[in-house]
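Colleague: Quick one: the structure is below, and I'll ask about it shortly.
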Amino acid sequence: MPDAVPEMLFDHFDSLASAGHLRRLSAAFARFVATLAPVANTANAADVCALGVASMALSELEGRGHSCLLLSELADAPSQLLGWPEELWHGVLAHAGPLPPDLDSWHVLLARAQQVYGRSGEDANEPLVLDGERLYLRRYWRDETLVGRQIGERAGALGAPPLQKARQWLDILFDQPAPDGGTDWQKVACAIALRGKVSIITGGPGTGKTYTVASLLTLLFAMSEQPEQLRIALAAPTGKAAARLTQSIRQALERLAGKVAQAGQTLPVAALAAAMGPARTLHSLLGARPDTRAFQHHAGNLIEVDVLIVDEASMVHLEMMASVLAALPPTAMLILLGDKDQLASVEAGAVLGDLCHDAQTGGYTPATIAYAEAASGVAIDAAFAGRAGALAQQTVMLRHSHRFSGPIGELAHAVNAGMPRAAQQCLQGDSGGKVAWLVPARQQDVLGLALHGREQAPGGYRPYLELVQAGPGEAAHDDWVRAVLQRFEAFRILCAVREGEWGVAGLNTAIELLLEKERLIRRSEWYVGRPVMVTRNDYGTGVFNGDIGLTLRDPARAGSLRVYFMEGDSVRSVLATRLRHVETAFAMTVHKSQGSEFRHTVLVLPQEGGAMLARELVYTGITRARDFFTLVSPTQAVLSDAILRRTQRASGLRALIGS
């Protein structure tokens, strides 16, 4: 670039990256985009600087989970967009010169840039795409467009199942009125799903999402002329979530098989369920291959499946959802399960949140209500009537929690509703020990919890480590391992951040030092009792990102250590020395805990929240707790700030599906 002004700007981006204000990738990407077109004159240099700022901001937002950059936000409040203090933004302006003053000016500048593809022009594979008022990195535009088109087409493809037969079987499967005496949304969800190629079942913890899907599977078997030939796949984003889905579905199908038998029907639910096989990770389903992002299954090699059920869909990022939809036969039925209020995926996109953002209100058309009532016999309150888009007609929110109530449920509701004062009252009220708030807290308070839990709330890591030290005794080795894993899984410390004394790295080190001092472990690279989390898919050993195992002695080889993992009710192990991508997991991030549940969950908030600490993170942490929840925070303000801050990821998906 002959002109010195753009070069000075990109050097400034490098300085910001060195100071930790910017990803190095974002600085490098802005420079790369500028090199794709020569600088001819001063006016052109001004355009290059503006495009450099837009490219930097777009890349930075992608790293924070956004799929695009909204030009209106770039024009209105760029420093807030990046979470920067004003002086940092003024420093950029000092090197970039005047930027386009408004939305229209930004649009004109980007539309004429050689590095940007617009829908109306010829596609030359430019790295940036301008779509309306949104600027994309090309691959996210491609993925979002595919997801929007595929979901929209599926939502519009409604069938006409035999209503009498559907009603007969739904009455068998749901033979009791709804617990709260209101609308049986589980029954409605099955009826709605039966008629379409896509449906979404969302709801908070304990609302019966997996039981609803098990009922739907039984219904699909019953409605099929040849149920034994129905190809059904169960999948989830992580191995842990897949194992929980397998176990939950099997337990629910056993219960449903009893209902079918009591009704005098001959449907072999148990045999049909066994033929499905266990749930798999999405990577496994698509046929992930080492050293490439490409999958075995794609638009040219579709998955052989008639029904695909994806659990924990809030964790599925945009690129993965696009890959799933590309590989799914047009005739197949897609069922997405998840809690729309949980944290979105770590990578770009908030797909489930976008797809069912207004599920709370229903928005069902007269045609949808008439069909649902005819198929299920359930009356839908007029408050849920409306004229929302096609996908909303295939979306059902489960509203009654069968197990998640009491103080923990009340706290989760207050956080999710954005009410910090109500949340504080829940934490400080008389909960019988179910919830507690340690504030102002020190790291030492977390270490006390890590060792032995707290009064009225059992937990800590001493119980499982004492069982490890005791050894299997007279018990069978697998039974002992299973007991150790179950005891470890009863308690967990979750963090909002990775670094610092309140983060995963600092706490894992501090906990290890404490446990060694208590003579419960002997630290080394690998040691007996070490809990580890897999951080990368490894198809050679059959372990996947997010799997958690415990390091124990190998009974067959003296001196060897193996890492043991739970898979449903069974146990499998891998030599510790074969696991290359793992980290110690006494403490883990809230993101990594999704799909898990612990009897006692401790959520640790940092000294300062920042943009990443928001309502969804706190809610997700709380809802990992089954019986006891403890919040640890150095100040009261950090909790209030988090509850009042809601994560908003820029996306064009809602517009694409017309919801």
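Quick note, the sequence shown lines up with residues 20 to 678 if you use this note's numbering.
Where is the CB? At the ideal position from N, CA and C, for every residue including glycine.
Nothing here was measured: the structure is a model prediction, and the numbers come from that model.
Short check: CB of Val329 to CB of Phe648, under 8 Å?
Modeller: Taking 8 Å as the Cβ cut-off, Val329 and Phe648 do not qualify as a contacting pair.
Colleague: By a C-beta neighbour count over all protein chains shown, 10 Å radius and 16 as the cutoff for buried, is Pro196 buried or exposed?
Modeller: Flag for Pro196 reads exposed.
Colleague: Taking the straight line between their C-alpha atoms, what separation do you get for Val232 and Cys209?
Modeller: About 8 Å.
Colleague: In this structure, how does DSSP classify Phe29 when only helix, strand and coil are distinguished?
Modeller: Here Phe29 sits in helix by DSSP.
Colleague: Is His336 helix, strand or coil when you go by DSSP?
Modeller: DSSP places His336 in coil when its eight states are reduced to three.
Colleague: Can the beta-carbon of Thr237 be found less than 8 Å from the beta-carbon of Leu253?
Modeller: Result no, Cβ atoms of Thr237 and Leu253 do not sit closer than 8 Å.
Colleague: Hey, how far is the Cα of Ala179 from the Cα of Arg157?
Modeller: The alpha-carbon atoms of Ala179 and Arg157 are separated by roughly 39 Å.
Colleague: Give the DSSP-derived three-state secondary structure of Pro21 in the structure shown.
Modeller: Reliability of the predicted coordinates at Pro21 is poor, the pLDDT of 44 falling under 50, and no value is obtained from them.
Colleague: Hey, is Pro349 close to the ligand SAH, as in C-beta under 7 Å from one of its heavy atoms?
Modeller: Among the components modelled here there is no ligand, and therefore nothing to report on the ligand SAH.
Colleague: Can you tell which of Ala69, Phe51 and Met340 has its C-alpha closest to the C-alpha of Pro97?
Modeller: With distances taken between Cα atoms, Pro97 lies closest to Ala69.
Colleague: Starting from Phe617, follow its DSSP beta bridges and name the residues at the other end.
Modeller: Paired residue(s): Ala644.
Colleague: Could you say which of Leu356, Gly201 and Leu235 lies nearest to Leu374 if we only look at CA atoms?
Modeller: Closest option to Leu374, Cα to Cα, is Leu356.
Colleague: In the DSSP assignment, find the unbroken beta strand (DSSP E) run with Gly425 in it and report its ends.
Modeller: Segment Gly425 to Asn435 is the alpha helix (DSSP H) holding Gly425; no beta strand (DSSP E) there.
Colleague: Counting Cβ pairs, one atom from each stretch, are 3 or more of them under 8 Å apart for the segment 83–101 and the segment 359–374?
Modeller: Segments in contact, yes.
Colleague: Could you check whether Ala176 and Leu213 sit closer than 8 Å to each other, using their CB atoms as the reference points?
Modeller: No.
Colleague: Taking the straight line between their C-alpha atoms, what separation do you get for Arg733 and Val547?
Modeller: Residue 733 falls outside the range modelled here, since the chain spans only 20 to 678, and no answer is possible.
Colleague: Please state whether DSSP places Met682 in a helix, a strand or coil.
Modeller: In this structure the chain extends from 20 to 678, so residue 682 is not present and cannot be described.
Colleague: Can you list, in chain order, the residues of its chain with a C-beta nearer than 6 Å to that of Met295? Leave out the 5 residues immediately preceding and following it.
Modeller: Result list for Met295: Ile251, in chain order.
Colleague: Take Ala606 and list the residues in its own chain whose beta-carbon comes closer than 7 Å to its own, dropping the five residues that flank it on each side.
Modeller: Answer for Ala606: Ile512, Cys514, Val523, Leu526, Asn527 and Ile530, listed in chain order.
Colleague: Would Leu446 and Leu466 qualify as a contact pair, given that the criterion is a beta-carbon distance under 8 Å?
Modeller: Result no, Cβ atoms of Leu446 and Leu466 do not sit closer than 8 Å.
Colleague: Have a look at Pro21 and Asp66 and give me their C-alpha separation to the nearest angstrom.
Modeller: Any answer about Pro21 is weak, because its pLDDT of 44 lies below 50 and its placement is not dependable; what the coordinates show is given next. For Pro21 and Asp66, the distance between alpha carbons rounds to 14 Å.
Colleague: Which class does Ser91 belong to by DSSP, given the choice of helix, strand or coil?
Modeller: It is helical.
Colleague: Return the chain-ordered list of same chain residues with a C-beta closer than 6 Å to the C-beta of Val326, the five sequence neighbours on each side being excluded.
Modeller: So the qualifying residues of the chain are Ile251 and Met352.
Colleague: List the whole-angstrom C-beta distance separating Leu457 from Val148, where the pair is believed to meet the contact cut-off of C-beta under 8 Å.
Modeller: No, Leu457 and Val148 are not in contact; Cβ-Cβ is about 48 Å, not under 8 Å.
Colleague: What is the rounded straight-line gap between the Cα of Ala345 and the Cα of Ala298?
Modeller: Taking the straight line joining both Cα atoms gives about 20 Å.
Colleague: Exposed or buried, what is Pro426 when buried is set at 16 or more other beta-carbons lying within 10 Å of its beta-carbon?
Modeller: By the 10 Å Cβ count, Pro426 comes out buried.
Colleague: Nearest to Phe584 by alpha carbon, out of Thr603, Arg597 and Val551?
Modeller: Ranking the options by Cα distance to Phe584, first place goes to Val551.
Colleague: Run the CB neighbour count on Asn556, radius 10 Å, all protein chains shown included, and call it buried at 16 or more, exposed below.
Modeller: Per the 10 Å Cβ criterion, buried.
Colleague: Ignore the nearest five residues each way along the sequence and tell me which others in His684's own chain have a CB closer than 6 Å to its CB.
Modeller: Nothing about residue 684 can be reported from this structure: the residues present for the chain run from 20 to 678 only.
Colleague: Taking a contact to mean a Cβ-Cβ separation below 8 Å, would you say Thr639 touches Gln667 in this structure?
Modeller: In this structure, Gln667 does not lie closer than 8 Å to Thr639 by Cβ.
Colleague: Got a sec? Which residues, its chain only, sit under 7 Å from Val516 by beta carbon, not counting five neighbours each side?
Modeller: The answer, listed in chain order, is Gly522 and Pro625.
Colleague: My parser needs the beta strand (DSSP E) runs of 3 or more residues fully inside the segment 532–588; what are they?
Modeller: Listed in chain order, they are 550–553, 567–572 and 580–586.
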